[in-house]
Amino acid sequence: MLVGHLALGMVAKRFEPKISLGTWMLAVMLVDLICFAFLIAGIEHFDAEPGLTRGRFVFRNVYFVYSHSLLMNAIWAAMFATAYLLWRGYQRGAWLLPAAVLSHWPLDFVSHNPDMPLAPGASAVYGLGLWNSIPATLIVEGGFWVLAIILYVRATRPKKRAAHYAFWPVIAFLTLVWYGNITRGIDPNPVRAGINGLIFFSLVVVWAFWMNRLRPAEDAQDPPKTHNSG
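If you number the sequence shown the way my numbering does, the last residue is 357 and the count never jumps.
Next comes the structure, spelled out in structure tokens:
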């Protein structure tokens, strides 16, 4: 998924406004950020082949066991929770954020072909393959994305006009990127896909931290902090 993960970050901000949108987005995309770094380093890899529609590439022979397996998701989630607790000292956030990290596996289980392992070394892989059907993806993931945007907009207030200019064009761009992913598929070169993905997702996280300042939540109060704002 793409906007499905981002949507979860927006919904999470709605239900726990004390945590920055940027922190939520970092949590829901952490597994992909790690995967992109591993692709660049050659630790993980995939093959790509033409899909059912012209110009579309799909995953084959996927080896994402260190970033995307359920066991490693749990380890990344625990590490993220520990880092957040040390950084912010907010115990509720340290319980909620790892759940956002762990959400990556079930969401990808829904969207991926059977290539989601339970642990490194496990032979069984799982996936429902939602992305094989463009109409179903538009309805399920796209519907979740629209709902999340509505919830986020209703739960936040723009501090200045720049908040509109910085929010809606980026939302439109993310939607177009997502549509391109489901219609054209992935970059068939793993290293190039890793570089592009790492840059793109990192910019999304930076944008989310900025947006948290431009569109604060209506009922947000800063959690107790030990060092920096988060």
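Note that CB positions come from ideal geometry on N, CA and C, so glycine has one too.
All figures in this text were calculated on a predicted structure; none of them were measured in a lab.
- Using a Cβ-Cβ distance cut-off of 8 Å, the segment 256-263 and the segment 318-328 are not in contact, since fewer than three pairs of beta carbons, one from each stretch, lie closer than that value.
- A293 is positioned such that its CB atom lies closer than 9 Å to that of W334.
- By the C-beta density criterion, T209 is exposed, having fewer than 16 other C-beta atoms within 10 angstroms.
- Between V237 and L265, the beta carbon gap of about 14 Å keeps them out of contact (Cβ cut-off 8 Å).
- Taking the C-beta atoms as reference points, R141 is found nearer than 9 Å to A282.
- With a threshold of 16 other beta carbon atoms within 10 Å, I202 falls short and is exposed.
- By the Cβ neighbour-count rule, W222 is exposed, with fewer than 16 other Cβ atoms within 10 Å of its own.
- Between the segment 191-199 and the segment 242-250, the count of Cβ pairs shorter than 8 Å is three or higher; the stretches touch.
- Excluding residues up to 5 positions away in sequence, P244 and P247 lie with their Cβ nearer than 6 Å to the Cβ of V192 in the same chain.
- For K286, same chain residues with a beta-carbon under 8 Å away, outside a window of 5 residues either side, are R340, L341, R342 and P343 in chain order.
- By DSSP's assignment, T209 forms no beta bridge with any residue.
- In the three-state reduction of the DSSP assignment, G324 falls in the helix class.
- Between L301 and L133, the beta carbon gap of about 7 Å places them in contact (Cβ cut-off 8 Å).
- DSSP, reduced to helix, strand and coil, places H132 within a helical segment of the structure shown.
- Per DSSP, the continuous alpha helix (DSSP H) segment holding T310 begins and ends at A289 to R311.
- A straight line joining the alpha-carbon of H231 with that of P225 spans about 10 Å.
- Residue burial annotation: G220 is buried, with at least 16 other C-beta atoms found within 10 angstroms of its C-beta.
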